[in-house]
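Numbering (the UniProt record's numbering), first residue to last: 1 to 450.
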């Protein structure tokens, strides 16, 4: 044993120096006597060459304080990676997103909101719009809320996609309290100092409006325009209405608010007559469809609408004809007081209806049948069927039975979903619905099991 070590061991305990940076390892003989003690060098995992070699093989190049110095002439992997990231960052563009929530009852939401931006030169993939500040960052259970009447600003980075063609905005809200009424989206390319406005003025909800939670919006061509709206009331007994009539226009670049058609200088919507209204609102571009409705108030609220003609006075070529030829009445036809009408450039266009065969399966459970009135709505890419009462000459919706109905409505295009419910009337209104299937178009069966 070296003398220096013997001195340390033989020295009284109180005289021994404190080795804070190293520890003493004692080596014992078989009979338990101390044979020798040697100090070990200080140990740190980040200085362990074996661990370093393992992590380098397992995870690639890493940066540690103990990494051996490279020659000045040797290329640095980390520096090249940093340069690559810096180059990609320089190619990215900062976009400012303004989300405007309408100032109306229950318009706000705490559901997750996602945005996809499509441009002429590429797109920004689906991105969640949220903010990591305050309680949201400190508590993961606290959701970011788009409050009613608010404007929230977000910043995202993405590639230069050129002029924006459209955006897709969506939510994951499925509860009624998560409904969201989006008024407008504004996007600014900070580098180019160019902005685009996307008017929505619609619900993103499974419980309001057309029950859509995803909307594709197109940039406004201009902020405001003047529309000439002509309604033609049919020549049928009791065709006129005293109710308040509204029209919502949907075009390629947006949707208008619900427009109240009212001329206080004369009586509107009389039998076998036409009424002309001029309304200034946001421009929605070439028109695709409209929703016409009334509030069923006044005496003789039922209305037989022949057609609607709408012209964008600032763009006269955008003149569209919307044939109807149906009642909007609770006591006539199918009982609906709102209609989706598809636009056409042809002044002689007639309403093209499609027939959908709907098959309803009631489950095989005790008390599964119902005596209530069952209502069905079909939603497609071209609009919705409106509420259709499912009824025929048979005793429908009995336990473990199949019932078939024929639903007549405008061609809806590709069908997205249906909504089925009842009015909770009659003896034993509770109903166990197994599934609903449709035919006439390529639509899969829709399972319910509730």
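Even for Gly, the Cβ is constructed at its ideal location relative to N, Cα and C.
Since we're looking at a predicted model, the values are computed, not measured.
Inset, instruction - Select from 220, 264, 186 and 271 the residue whose C-alpha is nearest the C-alpha of residue 240. - result: The sequence position of residue 240 within the chain shown is 240, counting from 1. With respect to the C-alpha of residue 240, the residue from 220, 264, 186 and 271 having the closest C-alpha is 271.
Inset, instruction - Let me know the secondary structure DSSP gives residue 304 once reduced to three states. - result: Against the chain shown, residue 304 aligns to sequence position 304. Residue state, collapsed to three classes: strand.
Inset, instruction - Could you pull out every unbroken beta strand (DSSP E) segment of at least 3 residues lying fully inside the stretch 337–417, listed in chain order? - result: 338–342, 353–362, 374–380 and 402–410
Inset, instruction - Mind listing, in chain order, the continuous alpha helix (DSSP H) runs of no fewer than 4 residues lying wholly within the UniProt domain "PLAT" (225–342)? - result: none
Legend entry - Whole-angstrom C-beta distance between residue 153 and residue 98, which should lie under 8 Å: One-based indexing of the chain shown puts residue 98 at position 98. One-based indexing of the chain shown puts residue 153 at position 153. Contact flag correct, Cβ pair sits at about 6 Å.
Inset, instruction - Return helix, strand or coil for residue 125, following the three-state DSSP convention. - result: Translated into the one-based positions of the chain shown, residue 125 becomes position 125. Correct three-state label for residue 125: strand.
Inset, instruction - May I ask you to report which of helix, strand or coil DSSP gives residue 95? - result: The residue labelled residue 95 in the question sits at position 95 within the chain shown. In this structure, residue 95 counts as strand in the three-state DSSP scheme.
Legend entry - Rounded distance between the beta-carbons of residue 230 and residue 265, thought under 8 Å: For the purposes of this step, residue 265 is taken as the residue at position 265 of the chain shown. For the purposes of this step, residue 230 is taken as the residue at position 230 of the chain shown. Contact doesn't hold; Cβ gap of about 16 Å is too wide.
Inset, instruction - Grab me the residues of residue 232's own chain with a C-beta within less than 6 Å of its C-beta, minus the 5 sequence neighbours each way, in chain order. - result: Taking the first residue of the chain shown as 1, we reach residue 232 at position 232. These residues qualify, in order along the chain: 274, 306 and 307.
Legend entry - Spatial neighbours of residue 184 in its chain, beta-carbon cut-off 7 Å, leaving aside the 5 residues before and after: One-based indexing of the chain shown puts residue 184 at position 184. Counting only Cβ-Cβ distances below 7 Å, and skipping sequence neighbours, we find 100, 197, 198, 199 and 200.
Legend entry - Range covered by the beta strand (DSSP E) that runs through residue 48: One-based indexing of the chain shown puts residue 48 at position 48. It is not in any beta strand (DSSP E) - residue 48 carries neither H nor E in the DSSP assignment.
Inset, instruction - Quick one: using the 10 Å Cβ neighbour count with 16 as the cut-off for buried, is residue 260 buried or exposed? - result: As a working mapping, residue 260 is identified with position 260 in the chain shown. That one is exposed.
Inset, instruction - Output the distance between the C-alpha atoms of residue 104 and residue 249, rounded to the nearest integer angstrom. - result: As a first step, residue 104 is located in the chain shown; it is residue number 104 there, counting from the start. As a first step, residue 249 is located in the chain shown; it is residue number 249 there, counting from the start. In this structure, the straight-line span from the alpha carbon of residue 104 to that of residue 249 is close to 20 Å.
Inset, instruction - Would you kindly check if the distance between the Cβ of residue 386 and the Cβ of residue 414 is under 8 Å? - result: If you number the chain shown from 1, residue 414 lands on position 414. If you number the chain shown from 1, residue 386 lands on position 386. Taking 8 Å as the Cβ cut-off, residue 414 and residue 386 do not qualify as a contacting pair.
Inset, instruction - Would you decide whether residue 25 is buried or exposed? Buried here means 16 or more other CB atoms lie within 10 Å of its CB. - result: On the chain shown, residue 25 is found 25 positions in, with the first residue counted as 1. With a pLDDT of only 47 at residue 25, under 50, the local geometry of the prediction cannot be trusted, and no value is derived from it.
Inset, instruction - Inspect the beta-carbon positions of residue 406 and residue 357 and report whether they are closer than 8 Å. - result: Your numbering for residue 406 matches position 406 in the chain shown. Your numbering for residue 357 matches position 357 in the chain shown. Yes, these two residues count as a Cβ contact at 8 Å.
Inset, instruction - Determine the direct distance from the alpha carbon of residue 416 to that of residue 399, and round the result to whole angstroms. - result: The residue labelled residue 399 in the question sits at position 399 within the chain shown. The residue labelled residue 416 in the question sits at position 416 within the chain shown. Rounded to the nearest angstrom, the two C-alpha atoms are 28 Å apart.
Inset, instruction - Measure the CB-CB distance between residue 245 and residue 208 and report whether it falls below 8 Å. - result: In the chain shown, residue 245 corresponds to position 245, counting from 1. In the chain shown, residue 208 corresponds to position 208, counting from 1. Result no, Cβ atoms of residue 245 and residue 208 do not sit closer than 8 Å.
Inset, instruction - Indicate whether residue 340 and residue 410 have their beta-carbon atoms separated by less than 8 Å. - result: As a working mapping, residue 340 is identified with position 340 in the chain shown. As a working mapping, residue 410 is identified with position 410 in the chain shown. Yes; because the gap between Cβ atoms is below 8 Å, this pair is in contact.
Legend entry - DSSP beta-bridge partners of residue 145: Residue 145 sits at position 145 when you count from the first residue of the chain shown. Answer by DSSP bridge pairing: none, since residue 145 is not bridged.
Legend entry - Pairwise C-alpha distance: residue 118 and residue 160: For the purposes of this step, residue 160 is identified with residue 160 of the chain shown, where counting begins at 1. For the purposes of this step, residue 118 is identified with residue 118 of the chain shown, where counting begins at 1. Spanning the two alpha carbons is a distance of roughly 11 Å.
Inset, instruction - Assess, as a yes-or-no matter, whether the stretch 122–130 is touched by the stretch 175–190 under the definition of 3 or more beta carbon pairs within less than 8 Å. - result: no
Inset, instruction - Would you kindly report the start and end of the unbroken beta strand (DSSP E) that includes residue 185? - result: Translated into positions along the chain shown, residue 185 becomes position 185. DSSP places residue 185 inside the beta strand (DSSP E), whose first and last residues are 180–189.
Inset, instruction - Indicate the three-state DSSP secondary structure (helix, strand or coil) for residue 177 in the structure shown. - result: The residue labelled residue 177 in the question sits at position 177 within the chain shown. Note: residue 177 maps to helix in three-state DSSP.
Inset, instruction - Alpha carbon to alpha carbon, how far is residue 374 from residue 390? Give it in angstroms, no decimals. - result: As a first step, residue 390 is located in the chain shown; it is residue number 390 there, counting from the start. As a first step, residue 374 is located in the chain shown; it is residue number 374 there, counting from the start. So the alpha carbons of these two residues sit roughly 6 Å apart.
Legend entry - For residue 392 and residue 366, the rounded distance between their alpha carbons: As a working mapping, residue 366 is identified with position 366 in the chain shown. As a working mapping, residue 392 is identified with position 392 in the chain shown. The alpha-carbon atoms of residue 366 and residue 392 are separated by roughly 24 Å.
Legend entry - Same chain, Cβ closer than 8 Å to residue 290, five either side skipped, listed in chain order: Taking the first residue of the chain shown as 1, we reach residue 290 at position 290. Hits under 8 Å: 247, 248, 249, 250, 308, 310, 322, 340, 341 and 343.
Legend entry - Test item: CB-CB of residue 394 and residue 359 under 8 Å: Looking up residue 394 in the chain shown gives position 394. Looking up residue 359 in the chain shown gives position 359. No, these two residues do not count as a Cβ contact at 8 Å.
Legend entry - Check whether residue 165 and residue 93 have beta carbons under 8 Å apart: Translated into positions along the chain shown, residue 165 becomes position 165. Translated into positions along the chain shown, residue 93 becomes position 93. No, they are not a contact pair.
Inset, instruction - With distances taken Cα to Cα, identify the nearest neighbour of residue 362 among 437, 334 and 212. - result: For the purposes of this step, residue 362 is taken as residue 362 along the chain shown, with counting starting at 1. With distances taken between Cα atoms, residue 362 lies closest to 437.
Legend entry - Cutoff 6 Å; reference residue 347; Cβ partners in own chain excluding five residues on either side: Your numbering for residue 347 matches position 347 in the chain shown. Contacts found: 321.
Legend entry - CA nearest to the CA of residue 252, picked from 262, 284 and 235: Walking along the chain shown from the start, residue 252 turns up at place 252. The shortest Cα separation from residue 252 among 262, 284 and 235 belongs to 284.
Legend entry - Buried/exposed call for residue 54, threshold 16 Cβ in 10 Å: As a position in the chain shown, residue 54 is number 54, starting the count at 1. Exposed.
Legend entry - 8 Å Cβ shell around residue 224 - same chain, five flanking residues per side excluded: Position 224 of the chain shown holds residue 224. Answer for residue 224: 280, 281, 282 and 283, listed in chain order.
Inset, instruction - Please name the residue, chosen from 156, 181 and 109, that lies closest to residue 210 on a Cα-to-Cα basis. - result: As a first step, residue 210 is located in the chain shown; it is residue number 210 there, counting from the start. Closest by alpha carbon: 181.
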